[in-house]
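These notes are about the structure you will find just below.
Numbering (full-length UniProt numbering), first residue to last: 1 to 150.
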């Protein structure tokens, strides 16, 4: 399945809204990247995309990327050093397990929204704001269909 077809337009809009809501009272930033193939470790690929999207440039180093490879059925979450130093050791893996559980039931949009909400709660806990902070990174989902070189 091409990455662009993984979510319907309505599902994509719901997820972008969920990102905006999750970021509302935090300085943290959440991005989602969906592509078809991942030939390497998904966490390493997520780190690469994290860098390409310049997510490491947030002021508090509190960006988080949710990475999904549709054809290869791989997922990863990577959080920058600011947030990763704050959350419990098992937090990212628990969220991955939750996402996979929803995906196995065909609940792609619901699973992504749920994980985005959980990440937003952690960001609000450790990086609160008054809601007036600028959105440092775009909330749009990024897609890439042809990842034969990675």
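A virtual CB, placed ideally from N, CA and C, is assigned to each residue, including glycine. Note that the coordinates shown come from a computational prediction; the quantities given were computed from them, not determined experimentally.
Here DSSP, grouped into helix, strand and coil, assigns residue 28 to coil.
In this model, residue 3 and residue 118 are separated by some 24 Å (Cα to Cα).
Residue pairing of residue 63 in beta bridges, as defined by DSSP: 29.
The beta carbon of residue 115 sits closer than 7 Å to the beta carbons of 66, 95, 98, 99 from its chain, once the five residues preceding and following it are set aside; these are given in chain order. Taken through DSSP and simplified to helix, strand or coil, residue 19 comes out as helix.
Take residue 55, set aside five residues on each side of it, and the residues of its chain with a beta-carbon closer than 7 Å to its own are 29, 31, 63, 65, 80, 137, in chain order.
Of the residues assessed, residue 74 falls on the buried side of the cut-off, its CB having 16 or more other CB atoms within 10 angstroms. For residue 91, the secondary structure class from DSSP, reduced to helix, strand or coil, is helix. Burial check for residue 39: the Cβ neighbour count within 10 Å stays below 16, so the residue is exposed. Where residue 124 is concerned, the enclosing alpha helix (DSSP H) starts and stops at 108 to 126.
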